[in-house]
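Numbering (the numbering used here), first residue to last: 547 to 1017.
Dropping the structure here:
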C-alpha cells in the first residue's frame, strides 16, 4: 500500500485527532485499535451511556488516570491540551471541541447522525459516517454541504458498503468492466454432507420463525451441489426454497447495498435483491449476464450473497465481491488464468475480499480525511435509490416504527423519490415516528402513513436533498 508514502509526503498535519460519537461495537473497535495505529489519536469518545463511552477506553487498555469526563466542549479542550483523553455522555459537544479534526459519527441514530454531522461540518471538521441509517437517507446532501464548506464527508473502510465502493472504484480505475458487485451476508450456510444438514454460522441471535440448522431431504441434496452450466436460475430458485427456514438478510443488509448503489451507480435487478446462496466458485456463474448463463440482464448490477460452503472450506467472511471481465481478449485471458475464479466460458471472473474488519480497519478513512483532506468514497454520490419499508404484519395507528433490526417491517430498494404524500417513505424517516393510520401487512409504507415529527433535522435535510437532486 502507498498510504505511508502519501502521509509522509503530502500530509497537512503530523497526526489526526478524532472524536467518536457512539461507543457501540463499531465505535469501540476504532478506539481499541487506535493506540496501535500510527498518526491516529482518539481524543474524545461520546455516548449517551457514559459507561459505554468510558468503557471504550478501558477496553483499549488506556491508562484511565489519563482520561477524564468532560461536560462541555471547553472543558474537553482544556483536558486534551493537558494530554488527557476525554469521555462524555454529551455527544453534541464533540463537533465543538477545537482539538478534534475528524468527527466519526457512529451513534446509530438517523436523527442524531444528521445533527452531529451538520454541527461538525459547520465547525470546519471532517465527518466519517458510520451510521448507515443517516447515510442512506441524506448522505448525498451531507457530502455536498461538506464540500461547500471545504471539508470531507466520507464512508468508512471496515463497513461493507465502504469496502465495496472502493473495490468498484479500483476495478474501474484499471479498466475492468464490472458485471456485478455486492456484499456477503455475515451469516454463512455450512453444508455438512455426511450429516445431511445445513447450519448457519453467525454471531447474531436467531429469532423465530428462523432456525439454526435444517435437515436436507435426500432428493434435495443435488441442489446444493455445484451449479451446472446453464442452470443458474433453476438452482438458485430451488436453494432459496430449501434454505428458507435459515435466517435471511435483514433491512440493514439492503441499507448498505443502497448506500453503495448511490455511490457507484450499480443497480439492483429486483427491489428485494435476489440474494442467492452461493459458493465462492459459483458467484461468477450466477452473478454475470444472462447471455453467458447468469441471472442479470445488464452489467453494473448490485446484490447480496450468502456463502454456501462445506465445514472445511473457506468462506466469504462477510466480505465484498465484484464480478468482472476484460473487454480485450488477451487481457481477459490473463484475468481468467491467473488465479481468479471464472465462470464456465471465461466471460466473467470474481474478485473478492473475504473479510471486513469494522472499526479495526477504519483508520484509513479517518487518516485520509484528516491528513490529506480526501475521502474513501466515490465522487458521484447521488440519491439514485431509497430504502423503503413494507409492513411485515398489521401495524396499528399510533404504533412507533422500528429500525432496520425490527421485524415489523421488511425492506425494498426503490428509485429515489421526494418527500410527498403517496410516495414511498424513505425507511429512516419512519424510524421512531408513529403510524398515522392502520397499515395492513404487505403494504408499502408511504409518507401520508407516518406522523412527521416537529423540528426534525433529518426531515429538513431530506427535503433540501430532494430540492437539490430530485427537482
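Where is the CB? At the ideal position from N, CA and C, for every residue including glycine. Since the structure is predicted, the reported quantities are computational estimates derived from the model, not experimental observations.
(request) Report yes or no: do the segment 704-711 and the segment 802-809 share at least 3 C-beta pairs separated by less than 8 angstroms? (result) yes
(request) Could you tell me which residues DSSP pairs with residue 934 in its beta bridges? (result) 958 and 972
(request) Just mark residue 769 as buried or exposed, buried being the case when its beta carbon has 16 or more other beta carbons within 10 Å. (result) Its Cβ being crowded by 16 or more others within 10 Å, residue 769 is buried.
(message) Considering only DSSP beta bridges, list what residue 822 is partnered with.
(response) 851
(message) With three or more beta-carbon pairs closer than 8 angstroms as the criterion, would you say the segment 890-907 touches the segment 930-941?
(response) With the cut-off at 8 angstroms, the segment 890-907 and the segment 930-941 do not touch.
(request) Classify residue 772 as buried or exposed, calling it buried when 16 or more other Cβ atoms lie within 10 Å of its own Cβ. (result) Exposed, by the Cβ-count rule.
(message) Considering only their Cβ atoms, is the gap separating residue 823 from residue 785 smaller than 7 angstroms?
(response) yes
(message) Report the start-end ranges of each beta strand (DSSP E) in the segment 599-664 that is 3 residues or longer and not cut off at the edges.
(response) Counting whole runs of 3 or more residues, the segment 599-664 contains the beta strand (DSSP E) stretches 613-615, 631-634 and 648-651.
(request) Look up residue 984 in the DSSP assignment and say whether it is helix, strand or coil. (result) coil
(request) Excluding the 5 residues preceding and the 5 following residue 1007 in the sequence, name in chain order all residues of the same chain whose CB lies nearer than 6 angstroms to its CB. (result) Closer than 6 angstroms at the Cβ level, and outside the excluded window around residue 1007, lie 660, 684 and 687.
(request) Keeping to the same chain, check which residues put their C-beta closer than 6 angstroms to that of residue 819; ignore five residues upstream and five downstream. (result) 849 and 850
(message) Which residue marks the beginning of the beta strand (DSSP E) containing residue 734, and which one marks its end?
(response) 734-738
(request) Answer with buried or exposed for residue 944, where buried requires no fewer than 16 other C-beta atoms within 10 angstroms of its C-beta. (result) Per the 10 Å Cβ criterion, exposed.
(message) Considering Cα atoms alone, identify which of 948, 612, 985 and 914 is closest to residue 702.
(response) 914
(request) Please report how far the alpha carbon of residue 555 lies from the alpha carbon of residue 920, in whole angstroms. (result) 15 angstroms
(message) I need the DSSP call for residue 924, collapsed to helix, strand or coil.
(response) coil
(message) As a quick exercise: from 860, 755, 853 and 801, pick the residue whose alpha carbon is nearest that of residue 931.
(response) 801
(request) List the endpoints of the continuous beta strand (DSSP E) containing residue 672. (result) 672-675
(request) Can you grab the Cα-Cα spacing for the pair residue 841 / residue 664, in whole Å? (result) Straight-line spacing of the CA atoms in residue 841 and residue 664 works out to 41 angstroms.
(request) Can you check DSSP and say which residues form a bridge with residue 990? (result) 936
(request) Whole angstroms is fine: what's the gap from residue 790's alpha carbon to residue 926's? (result) In this structure, the alpha-carbon of residue 790 lies about 37 angstroms from that of residue 926.
(request) Tell me whether the beta-carbon of residue 590 lies closer than 7 angstroms to the beta-carbon of residue 649. (result) No.
(request) Pull up the CB-CB distance for residue 962 and residue 929, whole angstroms please, since I reckon it's below 8 angstroms. (result) 4 angstroms
(request) Have a look at residue 967 and residue 973 and give me their C-alpha separation to the nearest angstrom. (result) 15 angstroms
(message) I'd like the span of the alpha helix (DSSP H) that includes residue 832, first residue to last.
(response) Taken as a continuous stretch (DSSP letters only), the alpha helix (DSSP H) holding residue 832 covers 829-832.
(request) Might you give, ordered along the chain, the residues of its own chain that have their beta carbon closer than 7 angstroms to the beta carbon of residue 1044, omitting 5 neighbours on each side? (result) An answer regarding residue 1044 cannot be provided, because it is not within the stretch 547 to 1017 covered by the chain.
(request) Mind checking which residues open and close the beta strand (DSSP E) that includes residue 678? (result) Note, residue 678: premise wrong, no beta strand (DSSP E); alpha helix (DSSP H) at 678-695.
(request) Determine the DSSP secondary structure at residue 916, reduced to helix, strand or coil. (result) helix
(message) Just verifying my parser: in three-state terms, what is the DSSP assignment at residue 867?
(response) In the structure shown, residue 867 falls within a strand segment according to DSSP collapsed to helix, strand and coil.
(message) Tell me which residue opens and which closes the beta strand (DSSP E) that residue 773 is part of.
(response) Note, residue 773: premise wrong, no beta strand (DSSP E); not H, not E.
(message) Could you tell me the alpha carbon to alpha carbon distance between residue 985 and residue 653, rounded to whole angstroms?
(response) Roughly 29 angstroms separates the two Cα atoms.
(request) Select from 870, 847 and 778 the residue whose C-alpha is nearest the C-alpha of residue 719. (result) 870
(message) Here's a check: name, in chain order, each residue in its chain whose Cβ is nearer than 7 angstroms to the Cβ of residue 644, leaving out the five neighbours to either side.
(response) 623
(message) Counting only beta-carbon separations shorter than 7 angstroms, does residue 894 have a partner in chain C?
(response) Absent from the structure is chain C; it holds one protein chain and no more.
(request) For residue 781, write down the residues that DSSP places opposite it in a beta bridge. (result) Note: residue 781 sits in no beta bridge, so no partner.
(message) Considering only the alpha carbon of each residue, which of 798, 1004, 754 and 828 lies closest to residue 776?
(response) 828
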